[in-house]
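Peer 1: Protein sequence lines correspond, in order, to chains Y and W.
The first sequence begins at 1 in UniProt numbering and counts up by one.
The second sequence begins at 1 in UniProt numbering and counts up by one.
This is the structure I have questions about; it appears just below.
2 protein chains.
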Amino acid sequence: MVEILDTTLRDGTQGEGISLSVDDKVAIAKRLAAFGIHLIEGGWPGSNPKDAEFFRRMKGVDLGETRLAAFGATRRKGLLPEEDPSVLALLEAETPVVVLFGKSWTLHVLEALETTLEENLRMIEDTVAFFTRRGRRVVYDAEHFFDGYKEDPGYALATLEAAVRGGADTLVLCDTNGGTLPEEVYAITKAVVERFPHLRIGIHPHNDAELAVANALAAVRAGATHAQGTINGYGERCGNLNLTSFLPTLVFKYGIPAIPPERLKGLKELSHFVDERANQTPNRRAPYVGEAAFAHKAGVHVSAVLKNPRTYEHIPPEWVGNGRRFLVSDVAGRSNLLAKLQELGVDLSKEEAKRLLDEVKALEYEGYAFEGAEASFYLLAHRLKGGSLPFSVEGFSVFVHGSGLDTAWAEATVRVKVGESLQHTAAESPFGPVSALDRAFRKAVLQFYPELSDVELTDYKVRILSGQEAGTNSGVRVMIEMKRGEERFATVGASENILEASLKALTDGYAYALLYPSLKETVPRAG
Amino acid sequence: MVEILDTTLRDGTQGEGISLSVDDKVAIAKRLAAFGIHLIEGGWPGSNPKDAEFFRRMKGVDLGETRLAAFGATRRKGLLPEEDPSVLALLEAETPVVVLFGKSWTLHVLEALETTLEENLRMIEDTVAFFTRRGRRVVYDAEHFFDGYKEDPGYALATLEAAVRGGADTLVLCDTNGGTLPEEVYAITKAVVERFPHLRIGIHPHNDAELAVANALAAVRAGATHAQGTINGYGERCGNLNLTSFLPTLVFKYGIPAIPPERLKGLKELSHFVDERANQTPNRRAPYVGEAAFAHKAGVHVSAVLKNPRTYEHIPPEWVGNGRRFLVSDVAGRSNLLAKLQELGVDLSKEEAKRLLDEVKALEYEGYAFEGAEASFYLLAHRLKGGSLPFSVEGFSVFVHGSGLDTAWAEATVRVKVGESLQHTAAESPFGPVSALDRAFRKAVLQFYPELSDVELTDYKVRILSGQEAGTNSGVRVMIEMKRGEERFATVGASENILEASLKALTDGYAYALLYPSLKETVPRAG
Numbered sequence: 001m002v003e004i005l006d007t008t009l010r011d012g013t014q015g016e017g018i019s020l021s022v023d024d025k026v027a028i029a030k031r032l033a034a035f036g037i038h039l040i041e042g043g044w045p046g047s048n049p050k051d052a053e054f055f056r057r058m059k060g061v062d063l064g065e066t067r068l069a070a071f072g073a074t075r076r077k078g079l080l081p082e083e084d085p086s087v088l089a090l091l092e093a094e095t096p097v098v099v100l101f102g103k104s105w106t107l108h109v110l111e112a113l114e115t116t117l118e119e120n121l122r123m124i125e126d127t128v129a130f131f132t133r134r135g136r137r138v139v140y141d142a143e144h145f146f147d148g149y150k151e152d153p154g155y156a157l158a159t160l161e162a163a164v165r166g167g168a169d170t171l172v173l174c175d176t177n178g179g180t181l182p183e184e185v186y187a188i189t190k191a192v193v194e195r196f197p198h199l200r201i202g203i204h205p206h207n208d209a210e211l212a213v214a215n216a217l218a219a220v221r222a223g224a225t226h227a228q229g230t231i232n233g234y235g236e237r238c239g240n241l242n243l244t245s246f247l248p249t250l251v252f253k254y255g256i257p258a259i260p261p262e263r264l265k266g267l268k269e270l271s272h273f274v275d276e277r278a279n280q281t282p283n284r285r286a287p288y289v290g291e292a293a294f295a296h297k298a299g300v301h302v303s304a305v306l307k308n309p310r311t312y313e314h315i316p317p318e319w320v321g322n323g324r325r326f327l328v329s330d331v332a333g334r335s336n337l338l339a340k341l342q343e344l345g346v347d348l349s350k351e352e353a354k355r356l357l358d359e360v361k362a363l364e365y366e367g368y369a370f371e372g373a374e375a376s377f378y379l380l381a382h383r384l385k386g387g388s389l390p391f392s393v394e395g396f397s398v399f400v401h402g403s404g405l406d407t408a409w410a411e412a413t414v415r416v417k418v419g420e421s422l423q424h425t426a427a428e429s430p431f432g433p434v435s436a437l438d439r440a441f442r443k444a445v446l447q448f449y450p451e452l453s454d455v456e457l458t459d460y461k462v463r464i465l466s467g468q469e470a471g472t473n474s475g476v477r478v479m480i481e482m483k484r485g486e487e488r489f490a491t492v493g494a495s496e497n498i499l500e501a502s503l504k505a506l507t508d509g510y511a512y513a514l515l516y517p518s519l520k521e522t523v524p525r526a527g
Numbered sequence: 001m002v003e004i005l006d007t008t009l010r011d012g013t014q015g016e017g018i019s020l021s022v023d024d025k026v027a028i029a030k031r032l033a034a035f036g037i038h039l040i041e042g043g044w045p046g047s048n049p050k051d052a053e054f055f056r057r058m059k060g061v062d063l064g065e066t067r068l069a070a071f072g073a074t075r076r077k078g079l080l081p082e083e084d085p086s087v088l089a090l091l092e093a094e095t096p097v098v099v100l101f102g103k104s105w106t107l108h109v110l111e112a113l114e115t116t117l118e119e120n121l122r123m124i125e126d127t128v129a130f131f132t133r134r135g136r137r138v139v140y141d142a143e144h145f146f147d148g149y150k151e152d153p154g155y156a157l158a159t160l161e162a163a164v165r166g167g168a169d170t171l172v173l174c175d176t177n178g179g180t181l182p183e184e185v186y187a188i189t190k191a192v193v194e195r196f197p198h199l200r201i202g203i204h205p206h207n208d209a210e211l212a213v214a215n216a217l218a219a220v221r222a223g224a225t226h227a228q229g230t231i232n233g234y235g236e237r238c239g240n241l242n243l244t245s246f247l248p249t250l251v252f253k254y255g256i257p258a259i260p261p262e263r264l265k266g267l268k269e270l271s272h273f274v275d276e277r278a279n280q281t282p283n284r285r286a287p288y289v290g291e292a293a294f295a296h297k298a299g300v301h302v303s304a305v306l307k308n309p310r311t312y313e314h315i316p317p318e319w320v321g322n323g324r325r326f327l328v329s330d331v332a333g334r335s336n337l338l339a340k341l342q343e344l345g346v347d348l349s350k351e352e353a354k355r356l357l358d359e360v361k362a363l364e365y366e367g368y369a370f371e372g373a374e375a376s377f378y379l380l381a382h383r384l385k386g387g388s389l390p391f392s393v394e395g396f397s398v399f400v401h402g403s404g405l406d407t408a409w410a411e412a413t414v415r416v417k418v419g420e421s422l423q424h425t426a427a428e429s430p431f432g433p434v435s436a437l438d439r440a441f442r443k444a445v446l447q448f449y450p451e452l453s454d455v456e457l458t459d460y461k462v463r464i465l466s467g468q469e470a471g472t473n474s475g476v477r478v479m480i481e482m483k484r485g486e487e488r489f490a491t492v493g494a495s496e497n498i499l500e501a502s503l504k505a506l507t508d509g510y511a512y513a514l515l516y517p518s519l520k521e522t523v524p525r526a527g
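Here's what the structure looks like:
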């Protein structure tokens with residue numbers, strides 16, 4: 001069995017652009033526990049007050065079988081552990097598990113800590129003992145273990161022995177700089193496992209050479225039974241071991257059920273939940289959990305997968321809560337387009353499909369992108385089949401006024417034809433022009449379609465188009481995501497004018513919500 | 001030596017969201033050749049007309065020692081090669097090298113091709129021979145080789161023998177579904193190398209288990225001397241072997257100079273060039289070339305790196321054309337902030353630094369993000385030191401009007417104080433409200449600062465802030481990139497109103513261009 005320690009809340013937040021509030025951290029910790037992670041490293045109470053606050057909040061929270069861990073360094077040189085404020089802050093976190101890191105590499109001892117090799121060994125032993133004597137389980141993180149071992153194996157092993165004398169029950173070999181190669185990790189881990197046969201040996205890789213997953217697997221093959229990583233691979237520089245990739249490989253390909261296989265069905269959801277909390281755009285290309293991980297674009301792939309999914313899928317996507325997708329784009333062949341339409345439940349003749357493909361190409365030339373905006377693609381097919389839209393926008397205006405730079409106010413008008421009736425409405429909003437347009441538009445259509453009151457805007461992205469991409473004009477592409485109940489759908493609008501592009505994407509979303517049959521069937525009507 | 005085949009232009013474009021025009025492909029091919037890539041796989045002329053056009057365009061282009069390759073499949077069952085239109089299209093590409101793919105896995109032969117195992121062997125031998133008899137070098141891509149070998153090693157090897165009988169000089173083992181483990185790749189590649197000691201054996205991995213780089217390295221250790229991948233790892237599903245990670249590891253860590261080490265100084269630039277052409281946002285966390293690859297956020301890391309970079313960097317960043325960065329953020333310690341200011345050339349007392357840190361925290365709570373918006377951070381420090389700004393915005397208004405959804409027109413006014421003079425200007429733009437604001441603002445300030453005419457807006461991004469991130473309000477964050485000559489700088493603005501946030505970021509950019517000393521010194525004044 002391999003014990004999993006998640007450090008999303010500690011090492012993960014050292015990644016660029018990752019910032020989590022205490023609320024976020026509490027919410028993520030609960031999800032990780034529900035998923036079955038064994039140890040959650042929640043923060044570094046000695047280094048910042050937000051983390052100390054997190055541990056205070058967690059005292060009342062039941063995590064089931066999951067254990068909470070706090071992270072900290074060995075005592076400072078020349079002090080007793082009980083004299084070091086960081087050590088005391090770590091003690092005050094009152095976690096059953098303490099992760100203590102110490103130096104393994106002579107370079108770091110001499111140049112970063114500026115102390116002697118002997119004092120570093122005492123710092124390790126003293127600090128570990130300080131916590132084990134108080135009943136804590138100590139996981140000892142040997143920082144830069146591989147770099148240290150390659151420079152001076154005798155000293156690197158001596159630091160582990162100091163931790164063992166202090167009472168640590170787990171020795172974790174850290175590839176802190178992330179540049180170690182898998183065969184080195186294998187050989188060095190094996191040497192450590194043989195030297196300490198009665199202790200748990202762990203691995204903590206970083207991804208600076210895109211080898212973190214391979215290094216963790218190499219360590220497990222060499223006998224490691226503890227691994228530290230983060231959800232989605234967040235972390236300092238290029239990130240930590242990506243548990244989202246490591247776990248399914250460990251469970252499905254090595255048959256080591258570190259997390260029970262059926263729990264992995266929640267992997268994609270967990271990955272997106274953490275991205276959402278950290279305000280990160282999910283990586284579409286992420287192994288296992290990315291939107292593109294089981295997305296087929298090449299024509300030959302699509303036709304083979306329709307015959308037998310094993311032909312181009314290394315595992316069934318549902319094992320990790322993902323799904324198969326067929327992509328639409330101007331380079332895609334007819335078979336993708338037909339597969340996509342089938343997925344959406346639209347029947348098109350060969351002739352109609354060809355016309356649709358031509359229209360997709362023309363619109364993509366103008367700056368649209370239909371991959372990922374399936375609701376707009378559905379509307380295109382709907383119109384091509386002669387279907388009408390529930391409304392059409394006849395005109396709009398927006399006025400924004402600000403004194404100084406912090407007081408702006410927006411007003412919008414829209415003229416919308418709904419059936420035979422022309423609605424001319426106006427609305428204002430303190431949240432800017434897109435919000436004002438949305439309010440005016442809802443005013444115009446809600447009296448006819450009250451069920452649209454459940455539809456809400458959840459994401460809004462804007463991208464400037466380069467000359468190449470948008471033909472000769474430089475314009476903007478707006479992608480909008482909306483939801484109604486549990487269903488989410490995305491639309492696209494392109495124009496030289498950002499507000500026009502926004503209104504196109506917005507109205508596509510409302511039209512789709514009215515027209516798409518599965519939405520109509522599954523969502524109770526409000527009106 | 002390891003021969004490198006780049007398939008960004010073929011397999012790369014099968015990735016979701018990757019679309020390249022013929023112009024883009026020609027430009028990328030030239031850059032790859034200048035970088036020293038040995039073989040460029042430019043497309044699949046039998047599958048789409050855009051690729052056939054690319055090969056026509058390339059006939060007059062000199063790539064130096066780099067060779068161009070076209071990709072295609074073995075002939076269809078029951079036809080002669082000369083009767084198969086795809087084979088003929090491949091011939092017409094007139095490239096010195098042809099990459100032919102064929103089936104190695106019995107599942108694919110029987111279920112996808114729906115033919116017999118014997119006919120598949122004939123298809124491979126015939127098609128390879130068709131090209132070698134016409135003087136082409138044939139690289140044979142054995143699709144799904146590892147999956148095929150695991151199911152039926154005898155048949156998988158028989159397909160390679162068919163390619164050898166046809167005259168192929170390179171046998172490439174493809175992990176098409178991307179799920180093979182490094183130790184399997186090592187063992188199977190070794191068996192093939194031993195079976196065909198006089199041929200070049202290659203590897204073509206995919207990243208579905210985040211193991212593509214490790215798998216390519218395992219193959220090289222087993223004797224492979226040819227590797228196929230893409231810049232930035234573009235490709236079907238989770239992508240292909242990322243050459244941007246593989247090459248520096250191969251060259252610097254294994255000492256195999258597949259590309260001369262001094263050329264790797266252009267790696268980051270190449271990576272960004274390809275992202276730019278493909279209209280992809282560069283991955284900040286990318287190993288070696290990402291903006292965060294040598295970015296230090298944790299306080300302890302920053303102070304150690306300032307003493308000796310080896311403490312937290314696995315290679316010197318300049319080897320791959322990257323640089324060291326220190327991040328500013330609300331969780332960062334004082335030492336990062338001071339390091340960042342030093343980098344920007346700003347001298348602050350301890351007291352001033354503390355106030356600046358407090359202000360950063362407060363603004364990040366409102367939705368600002370200063371990581372990556374260093375020009376706005378610089379202005380913050382400048383103001384804190386009592387520095388004044390060259391202008392201040394006293395008010396603005398924007399009016400957008402459209403009939404229907406394709407005719408919108410925007411007008412903006414701004415009131416700007418420049419020194420003692422109050423400018424009230426107006427401008428209109430067919431390119432939307434941000435463009436109209438930019439034009440009105442330039443009208444107001446250019447008469448005072450004509451040198452700003454060289455400054456231009458190059459990128460504009462908008463992000464909706466979630467409730468958590470922006471305190472209690474939901475607002476937007478706008479990030480703007482501008483350039484003057486070769487210098488690029490980024491700014492940030494946040495507000496509930498998208499136009500107000502845009503104007504904040506825009507005016508920060510112009511203020512920075514006037515105030516930041518290095519810009520002033522290096523850019524010749526226009527006025």
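We treat Cβ as the ideally placed atom computed from N, Cα and C, and that holds for glycine.
On a predicted model such as this, the values are computed, not experimentally measured, just so you know.
#1: My assumption, with CB atoms under 8 Å, is that Ala70/W sits in contact with Gly42/W. Please give the rounded CB distance.
#2: Output yes or no for whether 9 Å exceeds the beta carbon distance between Ala34/W and Gly102/W.
#3: Can you look up Thr425/W in the DSSP assignment and give me helix, strand or coil?
#4: If the criterion is Cβ atoms closer than 9 Å, does the pair Tyr460/Y and Glu487/Y meet it?
#5: Please classify Pro182/Y as buried or exposed, where buried requires at least 16 other C-beta atoms within 10 Å of its C-beta.
#6: Checking contacts by CB at 9 Å: is Asp84/Y closer than that to chain W?
#7: To which residues does DSSP link Gly72/Y through a beta bridge?
#8: Give a yes or no on whether the minimum CB-CB distance between residue 533/W and chain Y is below 9 Å.
#9: Around the C-beta of Glu125/Y, are 16 or more other C-beta atoms found within 10 angstroms, so that it is buried, or is it exposed?
#10: Taking the beta carbon of Pro197/W as the centre, do at least 16 other beta carbons fall within 10 Å, making it buried, or is it exposed?
#11: With 9 Å as the threshold, decide whether the Cβ of Glu364/W is near any Cβ in chain Y.
#12: Is the segment 284-291 of chain W touching the segment 334-346 of chain W in the sense that three or more CB pairs, one from each, lie closer than 8 Å?
#13: Closest to Gly509/W by C-alpha separation, out of Thr230/W, Phe489/W, Ser495/W and Glu143/W, would be which residue?
#14: Take the Cβ of Val192/W as the centre, count every other Cβ of all protein chains shown within 10 Å, and call the residue buried at 16 or more, exposed below.
#15: Taking DSSP as the reference, what is the three-state secondary structure of Gly321/Y?
#16: Given that Leu247/W touches chain Y, what residues does it touch there, using C-beta distances under 8 Å?
#17: Any residues in the segment 423-435 of chain W with a beta carbon nearer than 7 Å to a beta carbon of chain Y? Which ones, in chain order?
#18: Under the assumption that Leu171/W contacts Ala142/W (Cβ atoms under 8 Å), give the Cβ distance between them as a whole number of angstroms.
#19: If contacts are defined as beta-carbon pairs under 8 Å, then Glu134/Y and Val97/Y qualify, I think. What distance do you get, rounded to the angstrom?
#20: Less than 9 Å between the C-beta atoms of Val492/W and Ala369/W, yes or no?
#21: Comparing alpha-carbon positions, which option in Val346/Y, Phe326/Y and Val26/Y lies nearest Glu291/Y?
#22: So, helix, strand or coil for Gln228/Y, using DSSP?
#23: For Pro317/W, which residues in the same chain have their Cβ closer than 8 Å to its Cβ, ignoring the five residues on either side in sequence?
#24: Which word fits Gly15/W, buried or exposed, when buried means at least 16 other C-beta atoms lie within 10 angstroms of its C-beta?
#25: So, at 7 Å on beta carbons, what are the nonlocal neighbours of Leu356/W in its own chain, with the 5 sequence-adjacent residues on each side left out?
#26: Does the beta carbon of Leu217/Y fall short of 8 Å from some heavy atom of the ligand SAM?
Peer 2: With the given structure in hand:
#1: The residue you call residue 70/W lines up with position 70 of the second sequence. The residue you call residue 42/W lines up with position 42 of the second sequence. That pair is a contact at about 6 Å.
#2: Position 34 of the second sequence holds residue 34/W. Position 102 of the second sequence holds residue 102/W. Not closer than 9 Å, so no.
#3: One-based indexing of the second sequence puts residue 425/W at position 425. Strand.
#4: Looking up residue 460/Y in the first sequence gives position 460. Looking up residue 487/Y in the first sequence gives position 487. Contact flag unset, no.
#5: Here residue 182/Y is taken as the residue at index 182 of the first sequence, counted from 1. Classification of Pro182/Y: buried, given that the 10 Å Cβ count is 16 or more.
#6: Locating residue 84/Y in the first sequence gives position 84, counting from the first residue. No, no contact with chain W.
#7: Taking the first residue of the first sequence as 1, we reach residue 72/Y at position 72. Leu100/Y.
#8: As displayed, chain W neither begins before 1 nor continues past 527, which places residue 533/W out of reach and without an answer.
#9: Mapped onto the first sequence, residue 125/Y falls at position 125. So Glu125/Y counts as buried.
#10: What you label residue 197/W is simply residue 197 of the second sequence in a count that begins at 1. With fewer than 16 Cβ atoms within 10 Å of its Cβ, Pro197/W is classed as exposed.
#11: In the second sequence, residue 364/W corresponds to position 364, counting from 1. Yes, Glu364/W lies at the interface with chain Y (some Cβ there is under 9 Å from its Cβ).
#12: no
#13: Numbered from 1 along the second sequence, position 509 holds the residue referred to as residue 509/W. Measuring from the Cα of Gly509/W, the nearest candidate turns out to be Phe489/W.
#14: Working through the second sequence from its first residue, we reach residue 192/W at position 192. Buried, since its Cβ has 16 or more Cβ neighbours within 10 Å.
#15: Counted from its first residue, the first sequence places residue 321/Y at position 321. Coil.
#16: As a position in the second sequence, residue 247/W is number 247, starting the count at 1. Within 8 Å Cβ-Cβ: nothing; Leu247/W doesn't reach chain Y, min ~11 Å.
#17: Pro430, Phe431, Gly432, Pro433 and Val434
#18: Locating residue 171/W in the second sequence gives position 171, where the first residue counts as 1. Locating residue 142/W in the second sequence gives position 142, where the first residue counts as 1. The Cβ separation is near 6 Å, so the contact holds.
#19: As a first step, residue 134/Y must be located in the first sequence, where it is residue number 134. As a first step, residue 97/Y must be located in the first sequence, where it is residue number 97. It should be noted that the sequence gives Arg, not Glu, for residue 134/Y. Actually they do not touch by this definition, with Cβ atoms about 12 Å apart.
#20: Here residue 492/W refers to the residue found at position 492 when the second sequence is read from its first residue. Here residue 369/W refers to the residue found at position 369 when the second sequence is read from its first residue. Closer than 9 Å, so yes.
#21: Mapped onto the first sequence, residue 291/Y falls at position 291. With distances taken between Cα atoms, Glu291/Y lies closest to Phe326/Y.
#22: The residue you call residue 228/Y lines up with position 228 of the first sequence. Three-state DSSP puts Gln228/Y in a strand.
#23: Residue 317/W sits at position 317 when you count from the first residue of the second sequence. Excluding positions up to five away in sequence, the list reads Ala293, Phe294, Gly323 and Arg324.
#24: Mapped onto the second sequence, residue 15/W falls at position 15. Burial call: buried.
#25: The sequence position of residue 356/W within the second sequence is 356, counting from 1. Cβ neighbours of Leu356/W beyond the five flanking positions: Leu337, Leu348, Leu380, Ala381 and Leu384.
#26: As far as ligands go, the structure on display features none, and thus does not contain the ligand SAM.
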